[in-house]
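In this text, residue positions in the sequence shown follow full-length UniProt numbering: the first is 1, and each later residue adds one. Note that CB positions come from ideal geometry on N, CA and C, so glycine has one too. If you're wondering where the values come from, they're calculated on a predicted model, not measured in any experiment. Encoded as structure tokens, the structure appears first; notes follow it.
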Amino acid sequence: MKERGMIFNGEMVRAIFDGRKTQTRRIMKVQPDEDGLAKVIDGPFVDTSGRIYRCPFGVPGDRIWVRETFQGPLFDYEQMEAYLEDSSKFEKPEFCQYAADGKPAPEYYDADDNLRHGWRPSIHMPRWASRILLEITDVRVERLNNISECDAKSEGGPTECTLIGDKYFPGFRSLWKSIYGKESWAANPWVWVIEFKRIEGGAA
């Protein structure tokens, strides 16, 4: 079993907490040359030319720790001495704040004792600050545009009004375009489809 970090924006973090998001799609860096992809039993994916594709995010049973916008460790001035004695005691999610929770950016003192406020980008989140741990339950590949209505719902995004009612597929399409651009949707790339469940307790 391996653990890997993965970035999620605030909206998707909230969807994970609400239980609405149990899937994520990530573009395959190396795109197959043809439309034929098959999975070797308990193994990688292979295209019709014999090229092998292994998901860089893991296999069922592996874990993903969520990287999100945050700030920390944060503590009261009275705790400064304890922090200087052993900073590792403060390297826990309970000493962090997270932008996805909707609170204002916190104030903090930097290493030069200057008062600052703001968030740290998700890409810079260390493992200890992660409060969400996911377990991969399935991995597959498919064309982006082939997402079903049911799977679009599992992506945790909003619905969008259509002539036949509110639907998740157009909502997912709009969300994808807002993140990756209209040209990405039009290109219809192969994507890794990663299904997961949240493990209670956050960081292991």
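For residue i, three-class secondary structure by DSSP
| i | result |
| --- | --- |
| C161 | strand |
| W192 | strand |
| R173 | helix |
| K167 | strand |
| M80 | helix |
| L74 | coil |
| R131 | coil |
| F95 | helix |
| A57 | Note on identity: in this sequence residue 57 is Phe, with Ala being the wrong assignment. Reduced to three states, the DSSP call for F57 is coil. |
| A204 | Confidence is the limiting factor: at A204 the pLDDT is only 42, short of 50, which leaves the residue's position unreliable and the question unanswerable from this model. |
| K2 | coil |
| D101 | helix |
Outcome for residue i when other beta-carbon atoms lying within 10 angstroms are tallied against a minimum of 16
| i | result |
| --- | --- |
| T137 | exposed |
| S154 | buried |
| I27 | exposed |
| P73 | buried |
| A15 | buried |
| T22 | buried |
| T24 | buried |
Limits of the alpha helix (DSSP H) - the one that residue i falls within
| i | result |
| --- | --- |
| V13 | G10 to D18 |
| T65 | What sits at residue 65 in the sequence shown is Trp, not Thr. No alpha helix (DSSP H) contains W65, which is instead part of the beta strand (DSSP E) from R63 to R67. |
| D151 | E149 to S154 |
Beta strand (DSSP E) segment containing residue i, residue limits
| i | result |
| --- | --- |
| A38 | L37 to K39 |
| E107 | E107 to Y109 |
Cβ separation of residue i and residue j, assumed to be a contact under 8 angstroms, to the nearest whole Å
| i | j | result |
| --- | --- | --- |
| L133 | W185 | Between W185 and L133 the Cβ distance is about 30 angstroms, and since that is not below 8 angstroms, they are no contact. |
| F70 | M125 | 6 angstroms |
Do the segment 75-90 and the segment 46-64 make contact, defined as three or more Cβ pairs closer than 8 angstroms? no
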